[in-house]
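A quick write-up on the structure given underneath.
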Amino acid sequence: MTAADGYVFAPFTLSEQNPFWLIPADEKIRHKVEIPVTQSPKAERCEGDTEIKSYARAFAQCKEMLSDGHLEKIVLSRTATLRMCTPLTAAHRHALFLESCHRYPHSFVSLVELPAPYGTWLMATPEVLVETVTKGFHTMALAGTSPVSDESKLLLENWSPKNRREQACVADYIRKHLTALSTEVRESAVYVRRAASLLHLCTDFHLTSSGETTLASLAAALHPTPAVCGTPVEEARRVIAQAETHDRAYYSGFSGPVSQDEAHLYVNLRCAHLFPTHATLYAGGGLLHESDFDAEWRETERKLTTMADLFRA
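Counted the way numbering that gives the first Met the number 0 counts, the sequence shown spans residues 0 to 312.
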């Protein structure tokens with residue numbers, strides 16, 4: 000990352016197939032937009048036994064590693080495919096972006112159109128990786144999930160020990176890496192944060208800037224956090240590479256606008272990879288040794304609705 004103005008788009012794992020992008024900011028526009036006249040495209044879910052069987056095999060593999068005590072947490076992801084009722088056009092993609100802005104005002108919404116073969120990515124993420132603030136930087140530990148319909152979860156004490164421990168893994172990791180960079184780290188209490196139709200547990204961290212601490216060094220130190228990978232991170236990354244049958248590509252990577260004056264990098268969550276005939280949606284969940292298959296499958300289904308609901312508009 001450089002001081003040049005632009006938009007960063009980074010994959011979960013850097014590779015020849017999934018390179019790092021810094022898209023130059025040829026034009027920056029700040030204004031309110033109206034909801035478009037063009038209707039969001041309709042799509043149908045392609046469901047089958049292979050989707051759940053693939054996840055079940057990966058889940059069993061991860062559970063074995065967790066039960067043996069090799070790892071504390073593994074974030075297992077999956078995909079779902081939507082088949083377009085009519086071919087997806089540029090106007091449709093822009094309508095999806097604006098509909099996302101309307102539906103998810105508290106998320107960071109982006110539409111990134113890359114050259115072939117990397118495609119177009121739509122995202123409405125609730126999670127900050129790292130961003131500049133007055134006199135320093137801000138990041139967060141966001142983990143644990145509950146449907147917003149469960150109003151009891153608005154109170155912190157009603158969250159399960161599993162969800163609390165899952166979020167604590169992320170907070171511990173971020174705290175360790177930030178305190179290695181600076182002695183001036185401020186941490187909030189854990190609180191409940193809403194994202195679309197879901198609730199999460201969150202801790203905010205603020206780091207006072209020093210001459211040696213940069214956005215690039217912080218992003219390199221934090222990514223991938225246990226919120227998208229697991230703990231220990233490198234061991235979890237190896238298990239993910241073996242267990243998951245899909246390429247995460249840019250899902251669970253990071254992206255956002257950067258300039259010499261300010262920068263905001265977000266974790267690539269609640270993503271859709273858009274194609275003319277279909278869309279691939281991504282979702283994941285943190286597994287601990289006590290994780291239950293049915294509960295984890297339902298959690299990924301709820302996360303998929305953030306993008307899937309746009310195609311029912």
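Even glycine gets a Cβ: it sits at the ideal position worked out from N, Cα and C. Computed from a prediction, not measured in an experiment: that's the story for all the values here.
Beyond the five residues adjoining it in sequence on each side, P86 comes within less than 7 Å, by CB distance, of P275, T276 in the same chain, given in chain order.
Put simply, of R163, K41, V266 the residue whose alpha carbon is nearest the alpha carbon of A248 is V266.
Closest in C-alpha terms to T299, from the list L197, T212, V232, H288, comes L197. Between L65 and L286 a beta carbon distance of about 6 Å is seen, short of the 8 Å cut, so the two are scored as contacting. Note on geometry: alpha-carbon atoms of T49 and D246 lie some 16 Å from one another. A distance of 8 Å or more separates the beta carbons of F253 and S208.
Take C228, set aside five residues on each side of it, and the residues of its chain with a beta-carbon closer than 6 Å to its own are V74, A235, R236, in chain order. Membership of K175 in the alpha helix (DSSP H) is indicated by the continuous run 160-180. A residue is called buried when at least 16 other Cβ atoms come within 10 angstroms of its Cβ; F11 meets this threshold and is buried. Taking all protein chains in view, the Cβ of F19 is surrounded by fewer than 16 other Cβ atoms within 10 Å, so the residue is classified as exposed. In terms of Cβ geometry, L273 and T119 form a close pair [threshold 8 Å]. One alpha carbon belongs to L221, the other to L128, and they sit about 8 Å apart.
Per the DSSP secondary-structure output, F253 pairs in a beta bridge with A9, V266. The three-state reading of DSSP puts V238 in helix, counting H, G and I together. A residue is called buried once 16 or more other Cβ atoms fall within 10 Å of its Cβ, and Y190, having fewer, is exposed.
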